[in-house]
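Going by the numbering used here, the first residue of the sequence shown is number 1028, and it counts up by one from there. Built from N, CA and C at the ideal position, the CB exists for glycine as well. Quick caveat: nothing in here was measured; it's all calculated off a predicted structure.
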Amino acid sequence: MNAIKNFIADESGITAIEYALMAAAIGGIITVAFTGLGNGIKAKINTIITSLGGTTV
């Protein structure tokens, strides 16, 4: 019975879950940011290639 009470009172597991959720959220934000940035860079490169008479990617 004390083991169950100790398990419920222990907050270290909750802290680990909070850190994992925070890391996942930051990872998602970074992915979205770099996806948008990558599309913008690709558009700029395609503009340069077209102006030089090449075929876009």
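- With respect to the 8 Å criterion, Thr1058 and Asn1073 are not classified as neighbours on the basis of their beta carbons.
- In the displayed model, Leu1048 falls within a helix according to three-state DSSP.
- Ala1070 and Ile1056 have their C-alpha atoms spaced approximately 22 Å apart.
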